[in-house]
Amino acid sequence: MGDKRDLDPNRRRDLEIIAKLVNPGDRVLDLGCGDGMFLRELQLQHQADVLGVEIDQDSIVRCVGNGVPVIQGDLNDDLDYLPEKSFDLVVLSHTLQETRRPDLLLKQIVRIGKRAAVSVINFGHWRCRMQVAFNGKMPRSSQMPFQWYDTPNIHFCTLQDFRVLCGTLGIKIVAEHPIAARFPMLTGHFPNLFAVGCVFVLEAE
Numbered sequence: 017m018g019d020k021r022d023l024d025p026n027r028r029r030d031l032e033i034i035a036k037l038v039n040p041g042d043r044v045l046d047l048g049c050g051d052g053m054f055l056r057e058l059q060l061q062h063q064a065d066v067l068g069v070e071i072d073q074d075s076i077v078r079c080v081g082n083g084v085p086v087i088q089g090d091l092n093d094d095l096d097y098l099p100e101k102s103f104d105l106v107v108l109s110h111t112l113q114e115t116r117r118p119d120l121l122l123k124q125i126v127r128i129g130k131r132a133a134v135s136v137i138n139f140g141h142w143r144c145r146m147q148v149a150f151n152g153k154m155p156r157s158s159q160m161p162f163q164w165y166d167t168p169n170i171h172f173c174t175l176q177d178f179r180v181l182c183g184t185l186g187i188k189i190v191a192e193h194p195i196a197a198r199f200p201m202l203t204g205h206f207p208n209l210f211a212v213g214c215v216f217v218l219e220a221e
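What the sequence shown shows, in our numbering, is residues 17 to 221, in sequence order.
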């Protein structure tokens, strides 16, 4: 889960946004860290003290090879081995929709981190809506390239769904950074319709 490819000029916009949230010396936890390249960048460019959690054995080997400390763990399990407020920032990027209980995981990350950065894929994007309305089929996009029958995504949500869930859980949304594929002005005004995703910065209330 949460695989992050080798970072280059065409890398994911959500990771660029999250990197800007990191201050020098911050302790950063990346849940579903993939090969660890994003954490490696935070080490080199932000002098961050990093740790990854990853379930896939091959990705863990690549993390170690990249010089990134990592522990093996399943995000569907309790994260009680991570102490309260032990990290300045907890990162969860393009992973929430793959977990069995996103609500329980969100409660965990705001317990573990002073802040959390969660990047959410927006199932309510206008292209997704059009595909369902006019093709009568589950949508596919660069954010969601899989077929309905082989997708790792088991919980689809819109940005508004995510906001409502945070309110229900008593989680404070400190900032929102909607990500535009096109129409940046419209994305800023109507992110639930025009943003392909969004980075939410969260804190426990």
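No residue lacks a Cβ here, since even glycine has one placed at the ideal position from N, Cα and C.
All values reported here derive from a predicted model rather than from experimental measurement.
According to DSSP, what are the bridge partners of residue i?
i           : result
residue 191 : 217
residue 106 : 45 and 132
residue 149 : Its beta-bridge partners do not exist; DSSP assigns none.
In angstroms, rounded to a whole number, what distance separates the CA positions of residue i and residue j?
i           : j          : result
residue 1   : residue 92 : This structure leaves residue 1 out entirely; the chain is present only between 17 and 221.
residue 110 : residue 96 : 22 Å
Which of the three DSSP states, helix, strand or coil, is assigned to residue i?
i           : result
residue 38  : coil
residue 91  : coil
residue 119 : helix
residue 100 : coil
residue 30  : helix
Report all residues from its chain with a CB closer than 6 Å to the CB of residue i; omit the five preceding and five following residues, and keep chain order.
i           : result
residue 142 : 209
residue 202 : 210
residue 46  : 55, 68 and 107
residue 183 : none
residue 101 : 130
Report all residues from its chain with a CB closer than 7 Å to the CB of residue i; omit the five preceding and five following residues, and keep chain order.
i           : result
residue 213 : 30, 135, 136, 137, 138, 159 and 195
residue 83  : 56
CB residue i to CB residue j, shorter than 8 Å?
i           : j           : result
residue 105 : residue 215 : no
residue 86  : residue 64  : no
residue 219 : residue 186 : no
residue 126 : residue 133 : no
Give me, in chain order, the residues of the same chain whose beta-carbon lies closer than 8 Å to that of residue i; leave out the 5 immediate sequence neighbours on both sides.
i          : result
residue 41 : 63, 64 and 65
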